[in-house]
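**Q** Listed in order, the protein sequences are those of chains A, B, C, D, E and F.
In our numbering, each residue's number is its place in the first sequence (first place is 1) plus 199.
In our numbering, each residue's number is its place in the second sequence (first place is 1) plus 199.
In our numbering, each residue's number is its place in the third sequence (first place is 1) plus 199.
In our numbering, each residue's number is its place in the fourth sequence (first place is 1) plus 199.
In our numbering, each residue's number is its place in the fifth sequence (first place is 1) plus 199.
In our numbering, each residue's number is its place in the sixth sequence (first place is 1) plus 199.
For glycine and all other residues, C-beta sits at the position ideal for the given N, C-alpha and C.
Right, I'll just put the structure down here and ask away after.
There are 6 protein chains.
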Amino acid sequence: MNIDEAAEKIKNMEIRGAAKIAVFAVRALRDFALNVEAEDEFDTLISRAATKLLDTRPTAVSLYNGIHYVMKYSGITVNEKKESIKSLADEFIERAERANEQIGRIGEKRIKNGSTLMTHCNSSAALSIIKTAFRKGKKIEVYVTESRPRKQGLITLKELDDEGIPTKFIVDSAVRYFMKDVDMVVVGADTITANGTLINKIGTSQIALAAHEARVPFIVAAETFKFSPKTLHGELVSIEEREASEVLEDEVLDKYSHVTVRNPAFDTTPREYIDLIITEVGAIPPEMAYVIIREYLGYALEEFEG
Amino acid sequence: MNIDEAAEKIKNMEIRGAAKIAVFAVRALRDFALNVEAEDEFDTLISRAATKLLDTRPTAVSLYNGIHYVMKYSGITVNEKKESIKSLADEFIERAERANEQIGRIGEKRIKNGSTLMTHCNSSAALSIIKTAFRKGKKIEVYVTESRPRKQGLITLKELDDEGIPTKFIVDSAVRYFMKDVDMVVVGADTITANGTLINKIGTSQIALAAHEARVPFIVAAETFKFSPKTLHGELVSIEEREASEVLEDEVLDKYSHVTVRNPAFDTTPREYIDLIITEVGAIPPEMAYVIIREYLGYALEEFEG
Amino acid sequence: MNIDEAAEKIKNMEIRGAAKIAVFAVRALRDFALNVEAEDEFDTLISRAATKLLDTRPTAVSLYNGIHYVMKYSGITVNEKKESIKSLADEFIERAERANEQIGRIGEKRIKNGSTLMTHCNSSAALSIIKTAFRKGKKIEVYVTESRPRKQGLITLKELDDEGIPTKFIVDSAVRYFMKDVDMVVVGADTITANGTLINKIGTSQIALAAHEARVPFIVAAETFKFSPKTLHGELVSIEEREASEVLEDEVLDKYSHVTVRNPAFDTTPREYIDLIITEVGAIPPEMAYVIIREYLGYALEEFEG
Amino acid sequence: MNIDEAAEKIKNMEIRGAAKIAVFAVRALRDFALNVEAEDEFDTLISRAATKLLDTRPTAVSLYNGIHYVMKYSGITVNEKKESIKSLADEFIERAERANEQIGRIGEKRIKNGSTLMTHCNSSAALSIIKTAFRKGKKIEVYVTESRPRKQGLITLKELDDEGIPTKFIVDSAVRYFMKDVDMVVVGADTITANGTLINKIGTSQIALAAHEARVPFIVAAETFKFSPKTLHGELVSIEEREASEVLEDEVLDKYSHVTVRNPAFDTTPREYIDLIITEVGAIPPEMAYVIIREYLGYALEEFEG
Amino acid sequence: MNIDEAAEKIKNMEIRGAAKIAVFAVRALRDFALNVEAEDEFDTLISRAATKLLDTRPTAVSLYNGIHYVMKYSGITVNEKKESIKSLADEFIERAERANEQIGRIGEKRIKNGSTLMTHCNSSAALSIIKTAFRKGKKIEVYVTESRPRKQGLITLKELDDEGIPTKFIVDSAVRYFMKDVDMVVVGADTITANGTLINKIGTSQIALAAHEARVPFIVAAETFKFSPKTLHGELVSIEEREASEVLEDEVLDKYSHVTVRNPAFDTTPREYIDLIITEVGAIPPEMAYVIIREYLGYALEEFEG
Amino acid sequence: MNIDEAAEKIKNMEIRGAAKIAVFAVRALRDFALNVEAEDEFDTLISRAATKLLDTRPTAVSLYNGIHYVMKYSGITVNEKKESIKSLADEFIERAERANEQIGRIGEKRIKNGSTLMTHCNSSAALSIIKTAFRKGKKIEVYVTESRPRKQGLITLKELDDEGIPTKFIVDSAVRYFMKDVDMVVVGADTITANGTLINKIGTSQIALAAHEARVPFIVAAETFKFSPKTLHGELVSIEEREASEVLEDEVLDKYSHVTVRNPAFDTTPREYIDLIITEVGAIPPEMAYVIIREYLGYALEEFEG
């Protein structure tokens, strides 16, 4: 598979999920680099490939962080550079893969035996926490939201059912109704900004608001590569709006003259509604996003500071 | 159509909507009364018919208020009683029908030209306000929520489109995302309790919470017969839970071993999230529910106080 | 027992509790009136007796309301006046006694089966609700606060234990810790003002605050004669401060040179922390205090408006 | 005194108070180490002694931090190791002892002349701030809570009276009543977690809530060794529940059939109710707990990260 | 002075202040009526005069209420009508004049000895409360805001200085800074709506917000004729915007090309920031506005309900 | 210009604005140092000059930070010391000057096209953000507050008008009225403390409160040298109170006997009302103040830690 094919797979959403995209792109860039033959254009070709991958999802932070991680490569000869790229890429991939398991291990400690949880959409990091707690023998049950329009709640339902975890399925508008029965909300993250704002699947901020109102702890599971270095430099995260047909079939919409569909993919949750972010390097309050970016994503800041 | 048939139509939801049920039942009771022939069992037969109608939807306040309104009938001869029933029933029906138009007229004054509104589910009282404002030439646009699981938002969509009102359709989980663009939320009511709590379609309280957070006025359109006299006496309003299949098709649910569906039809919104209730007798703060019940629904209190 | 003896019993706290004081004083005034012989000084003697009783506890609203209720008496002859006083006094006493049972009956409807309640100090109206619910077969358990300094929680503990109600005893500082397990707080009232403020045993407002923070319903049980007509006219309720020795034994306090004890008997809870007031005439939001005063305590307003 | 004796003294609460326990245990471990003779089992013996000490109070963070500080020892020969242990232990002890005075010096700057303070229980770090301010000539007065069930407020009362500081003694339920007269609350800490949560004597969170409601600054005095490194890894702090007899004498409790006593020793205060934590290394917002742990307690993190 | 002259005086703000305008217009209408000679056009002429007066300040509620009060006149002969008008007008005038004194008497009871107050703009009802308290011997001091742009604070300053009341003058932007020293805020009202919203001088809502944040009681002094019957019928109160030159001299403004001045005369304060409204008929919570309108302004509702 | 002249210029406010003062004083100290001839008293003379400059505005944090930056100088010979001072001073000056431009560049990314902004007083850092956004072609408009008593809003008005930015000028008391139309508030800073509190021009905290209520982002533009290292050590920032005549002309004030003017120059905004601080090293949440001080102002901490 060449870079164009790889880029295409990300663009058309064949590859989905923040972590999976990052790992996939890093692997593609590594494989591309290892096969480059032209000696004197090496850096240019790598840059071009990196840019092509970045352009597939310009707002995806994990992709950005992954590619920049590899682009720290150094060396004098092309072989040294290839070596460096390979080593960086493998390191990133390995860390990303281990992060999920580490988040589960750290996060499950927050879950008390007998708890009722709520989750939204389908986050492998959030589910890692829930499953780890269950496997450790904790008696839990989980409210799963449908997560319209794409109904990723159904995927979560299946994953939890496969584990044998008792699950209650609800429509998105029933979140506040059941919040009084919930002991903790656990969700994933698309992006976390320098001031601790969470960008995640549409509906997340509404759940956070209802949890805050009821003083139910709201926990975010997020690998460090979900934190956005650019936001430290003021960059606003832009919210992608998806096609109307996810919400309303075209043939229904066509019947109307005055109707438009609005379909934002994500929303933003302010830091005061977030109790804790579980990363693979520890459980932190959202205000610490700045420190995480400085400590773990410094490499991705360089281009701004040169 | 006899009483049993009428009761059946309400029970199986052929007749739907709080106002429609009340009017339908009152009419059925009236027609039944006018046809009663047995002289000496008149009161007993009427009581039985009333009870039968009440039992179709034991939690429907408008039904309760409508039937009790007719049951105020008096008279010595059967003919006098029939006359009394007819007159009370016609009065109730006429008022109910006029209430919608009056609410529209009172409520539309709250809508400023150029406003963006949001509504939920399908409430004829709420839509009366929106349409009246539009017909008076005010330039408005309306966010309409899908209102899962039954998607009554689609009915609202059609009604507004027919009027030519620009409408934006969104999933229920996008409410908070768009709240910053909204100038006023207008919803209907299933029930209003003595302490100003609103019971309405699942999701309503979540919208109220998001409106409150953003300080967007949250307005309820409710005929006086939506106020619950029983709650003055402590009665809790019970929330009906509907069948799972509204949320998840049976064949999907059957595949799982640890999944249940929770499907409450309504939720409760506390009075501090409600700015104003528009009734046909004026725009009042929710705390005034007590006064409305005393002034307009005194007849329905009697059984408790005798 | 003459008026002076009766007054003394109230003053030295032999007779305690807002309801009991009122009934006791009303009875004393009635008995006094029935025995008055001097024809032409009748009104003067009654006024003097009423004043004497009122002066025993100038801040007790129930006493004020009780005495004023009797003082509505009318008549031309002394016999007519005696008749009028007797009838008013008996009416007040009977209503006061029935109120407790009515509050229990109305209030218990708010308690769901399986609930955990919390109560503070020792309020017969609040306990009426709790006991009625339990006697109706509802499975409940109750957190009882110690209620320092006088530890009235111990009296409550005994009353609930006698009923067989499972009870958990906690110190006053543990209220917030356990609030997350509580479904409803039920307390009594010393006074309720025209703007819906509750004056009650010290510590009440702290529980209300913790309940509000956790969104746990906070319910007040209060007979209508606990509402203060004077506050409609601006009067502030003054908070009595009791002797230091209730808090710290004199011999301990004497050892210190720079220590004073502060021992207020009551505190004030603002209306926004109160969900409902259960009176014998219905369950109302606190904002309705004004209407209750107008409707049920109008007689006690007259002196201001003449 | 050997290790077993030392452990026993901590376990039976002869040695009390977070700072005192840590210093005592560190000293015991040092003395033990200096007396070890067996050359080849040195490390094993030290580990065993450390574990024994840790097991006396598995939830005491200061103990954990103190022991881990000493366990950083290095060296090749036993003598080198002993030297290292001695030097680390002495360093920890000296720092702990100096911290109290430093906290007083930093914290007193926050107290304005003429202030009214409130404190809870008996914290030497909090009292260090109050006394330092008073000794610097600031005119202050202090509300002291009784701190049921063990009434440590009496110890605080005595300490402040000895200094000549005007003090007002109140029951725990009067906190909110007097909050309007208070300019600042100063309390100590049992533990501070990675996300800035305070664990302290039962009742603390209630005071924090009342202070927050009244916008009175709530200040925590805490040495850096009160911060919990484990919580960075998700660990929940468990709240010890003490015997019933602290709250209710056994002979009273025995009379009842349906009564249990709940007696948690601590409660948790969320970071949004804390204005500032005064440590010996500076005054920080609670969100900075993470940074304190990283900077000052890194040694205690190692076992997790190896 | 004829009707046109009277109308002109109101329009050009020679007559200012809600109460003064109402009394002035009522007097003008009465005098006009008493001088009408044309027998058969009497009603038409009165209506025309009333309309002319109403049109001078279409948003002034007190004017509306005053004129409608007089327009309740009845009678068969012109003389009877004149008599009726005279009697109604005199009654309104006398009540309006007495209301100020009654509000002072009721409101002063809320002020404790030794209090620090804050007031805004120049309200005679609010000052009536403050002065009455001072004259009763209460030791008070008052923060007075400048009240830009027209600086009515200077008038208040003079009135309080004349009384000998210690006063602190501050700019409008210093309100929050001093709020911690304030025990109560007392302001007047331009209008109060059916749902308890206060419309008053620009800046009022900001003071209310700061008072709410600091939990300082916020009290409104308002005669019953400040309550708006129209709002019960949904009517929105429109906020007058005054000329730019009040804020910026024309010659300054003329120098700029991209600058406009916005100068709203009033703002709106929601009911949750208002603790109490002091009217001449009692101290009520803002939610009671509905009841006040029903009870005291029923006459002004009639035109809507016919 | 010698040190005394320089000090005088700062004291009499000829030189104004936190950044300008710092740069001016640093330059003066540098020039003074370069001209010192006495070899053996060099350090003493420099210290004395530094102290003289610091004493001009003992509460100005930027001045403190600037002077301490230069005082890090080292060297053995006087020439080496001069060299060191020159180099440090030039570095500080250059950074200060570049910071403004960097803040503009980082901050403007937060401003969306079509936004309405609000600013207060006259902050060059805040205006740098606004102007940069406008120059980048973003369509914006700005509410400018008058900023009584010194009306610095007029300077801001002129600066924005010169740029061609559409501006709306309002009095300070109209802030809450217009907040619903505002998308973002941008202000400068006088000082930022270790726990993230903002000290800025009187009125700032009121705007922050109104923005918080309306959930409008509140952004602070602040160079790192505005952060106060001393506050890390508990130091409270004292608020300067200026002369009465800024608020009320002496001849007006003299007419009164009971009036005083209170005129604080600054107020304090708590961190929970601040969304983001834009510094030249990145956009951070206010809780990060501690980290900024540690990382960028460590030099100014030294004197405390020696």
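Check the Cβ-Cβ distances between serine 382 of chain A and every residue of chain D, and say whether any is below 8 Å.
**A** Reading off the sequence, residue 382 of chain A comes out as aspartate, not serine. Not one chain D Cβ lies under 8 Å of aspartate 382 of chain A.
**Q** By the 9 Å beta-carbon criterion, what residues does the segment 334-354 of chain B contribute toward chain E?
**A** none
**Q** Could you tell me whether the Cβ of histidine 457 of chain F comes closer than 8 Å to any Cβ of chain E?
**A** At least one chain E Cβ lies under 8 Å of histidine 457 of chain F.
**Q** Can you tell me whether DSSP reads alanine 421 of chain B as helix, strand or coil?
**A** coil
**Q** Drop a sphere of 10 angstroms on the beta-carbon of lysine 330 of chain F, count the other beta-carbons inside from all chains shown, and report buried for 16 or more, exposed for fewer.
**A** buried
**Q** Whose Cβ in chain E lies nearer than 8 Å to the Cβ of tyrosine 489 of chain C?
**A** Gly481, Ile483, Pro484, Met487, Val490
**Q** Could you confirm whether any beta carbon from chain D is found closer than 8 Å to the beta carbon of leucine 233 of chain A?
**A** no
**Q** So, for arginine 297 of chain F: in the same chain, excluding its five sequence neighbours on each side, which residues have a beta-carbon less than 8 Å away from its beta-carbon?
**A** Glu479
**Q** With 8 Å set as the bound, which would you pick, yes or no: does the beta-carbon of glycine 505 of chain D sit closer than that to a beta-carbon of chain A?
**A** Its pLDDT being 30, under 50, glycine 505 of chain D is placed unreliably in this model, and the value from its coordinates should be taken loosely. Residue-level contact by beta carbon fails for glycine 505 of chain D and chain A, as no gap is shorter than 8 Å.
**Q** Using Cβ-Cβ distances below 8 Å, what residues of the segment 410-424 of chain A are close to chain C?
**A** Glu412, Ala413, Arg414
**Q** Quick one: list the residues of chain D neighbouring leucine 475 of chain A, beta-carbon separation under 8 Å, in chain order.
**A** Asn394
**Q** Tell me, please, whether the CB atom of histidine 432 of chain E is closer than 8 Å to any CB atom in chain B?
**A** Yes, contact with chain B.
**Q** With a cut-off of 8 Å, does the C-beta of proline 469 of chain F fall near any C-beta of chain E?
**A** no
**Q** Hey, does glycine 153 of chain F have any beta-carbon neighbour from chain A nearer than 8 Å?
**A** No answer is possible for residue 153 of chain F: it lies beyond the span of chain F, which begins at 200 and ends at 505.
**Q** Would you say arginine 493 of chain F faces chain A, with C-beta separation under 8 Å as the test?
**A** no
**Q** Spell out the partners DSSP gives asparagine 399 of chain E in its beta bridges.
**A** According to DSSP, asparagine 399 of chain E bridges with E:Asp466.
**Q** Just to confirm, are isoleucine 209 of chain B and arginine 256 of chain B a CB contact at a threshold of 8 Å?
**A** yes
**Q** Are the CB atoms of valine 277 of chain C and valine 225 of chain C nearer to each other than 8 Å?
**A** no
**Q** Which same chain residues end up closer than 6 Å to isoleucine 398 of chain E when comparing Cβ atoms and leaving out the 5 residues on each side of it in sequence?
**A** Asp389, Thr390, Val436, Phe465, Thr467
**Q** Compare the C-beta of serine 404 of chain D against all C-beta atoms of chain C and say whether one is closer than 8 Å.
**A** yes
**Q** Let me check one thing: in DSSP terms, what residues is alanine 482 of chain E bridge-paired to?
**A** E:Ile477
**Q** So phenylalanine 368 of chain E is in the beta strand (DSSP E); what residue range does that whole segment cover?
**A** 366-369
**Q** Interface residues of chain C around threonine 366 of chain D at Cβ under 9 Å?
**A** Tyr455, His457, Val458, Thr459
**Q** At a Cβ threshold of 8 Å, is glycine 363 of chain C touching chain H?
**A** Checking the listed chains, one finds no chain H in this structure; the protein chains it contains are A, B, C, D, E and F.
**Q** Classify arginine 470 of chain A: buried if its beta carbon has 16 or more other beta carbons within 10 angstroms, exposed otherwise.
**A** buried
**Q** Taking Cβ-Cβ distances shorter than 9 Å, what residues in chain C pair up with phenylalanine 291 of chain D?
**A** Within 9 Å Cβ-Cβ: nothing; phenylalanine 291 of chain D doesn't reach chain C, min ~32 Å.
**Q** Pick helix, strand or coil for leucine 452 of chain B, following the three-state DSSP scheme.
**A** helix
**Q** Residues of chain C with CB closer than 8 Å to the CB of leucine 356 of chain D, please, in chain order.
**A** Tyr455, Val458
**Q** Quick check on DSSP: helix, strand or coil for tyrosine 272 of chain E?
**A** coil
**Q** Closest Cβ-Cβ distance between tyrosine 376 of chain F and chain E: below 8 Å?
**A** yes
**Q** For my contact list, leucine 431 of chain A and tyrosine 472 of chain A are in at a C-beta cut-off of 8 Å; report their separation, rounded to the angstrom.
**A** Contact flag wrong, Cβ pair sits at about 21 Å.
**Q** Starting from methionine 378 of chain C and walking both ways along the alpha helix (DSSP H), at which residues does that stretch end?
**A** 374-378
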